[in-house]
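The sequence shown: position 53 = 53 (UniProt numbering), numbered continuously.
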Amino acid sequence: MGARVVSGATPAEGKPDDEAGPRQRIDAETGLPVWLITVADLASVRLTQTAVTVEILAENKPVLPQRPEIEFVGLTVEPVRGGTEKEPWTTFTYRALEVVAAPRRMEDTRPLPMALWLGEPDEPQRAGSPQRSVGGTS
Numbered sequence: 001m002g003a004r005v006v007s008g009a010t011p012a013e014g015k016p017d018d019e020a021g022p023r024q025r026i027d028a029e030t031g032l033p034v035w036l037i038t039v040a041d042l043a044s045v046r047l048t049q050t051a052v053t054v055e056i057l058a059e060n061k062p063v064l065p066q067r068p069e070i071e072f073v074g075l076t077v078e079p080v081r082g083g084t085e086k087e088p089w090t091t092f093t094y095r096a097l098e099v100v101a102a103p104r105r106m107e108d109t110r111p112l113p114m115a116l117w118l119g120e121p122d123e124p125q126r127a128g129s130p131q132r133s134v135g136g137t138s
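Structure (structure tokens):
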């Protein structure tokens, strides 16, 4: 299963320049600009969190597929811990390299019934039609 887009790609705000104001955040490891996409997890693993924001590391703004169901290429999940000893907390940072359309459900991708050749090649029968025995009596 994939995720459903909640909001399109927006630049992640970084440290402001002195005069120009806020600028886009750059990933420290890759040197790539960071884009944010908010998605709803279709698997609904955590009922308390209905949507998550995924950081996309890409030179150019990610182009989202036309369908709202997407998958991430190169997805990583990094735990971030904080708080105090008495009240610790953990959250997660989701990062990916690319966004692609999620494959359609199996029901949507099943091949349509094809003609089956039973007996002579000039007498095709469609799948699901009553079968006749080949090489014998019916």
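Glycine is no exception: its CB is placed at the ideal position from the N, C-alpha and C atoms.
Quick caveat, the model's predicted, so the values are computed rather than measured.
Exposed or buried, what is tryptophan 35 when buried is set at 16 or more other beta-carbons lying within 10 Å of its beta-carbon?
buried
Buried versus exposed call for phenylalanine 72 [16 or more other C-beta atoms within 10 Å across all chains shown]:
buried
Sequence-distant residues of the same chain with beta carbon closer than 8 Å to residue 141, five excluded per side:
Lying outside 1 to 138, the shown extent of the chain, residue 141 is not represented and no answer is given.
Mark leucine 57 as exposed unless 16 or more other C-beta atoms lie within 10 angstroms of its C-beta, in which case mark it buried.
buried
Residue span of the beta strand (DSSP E) that contains isoleucine 70, given as start and end
69-73
Quick check on DSSP: helix, strand or coil for glutamine 24?
strand
Kindly indicate which residue of Leu97, Pro79, Gly31, Ala96 has the alpha-carbon position closest to the one of tryptophan 89.
Pro79
Can you give the beta carbon distance from valine 6 to alanine 40, rounded, assuming they're within the 8 Å contact cut?
6 Å
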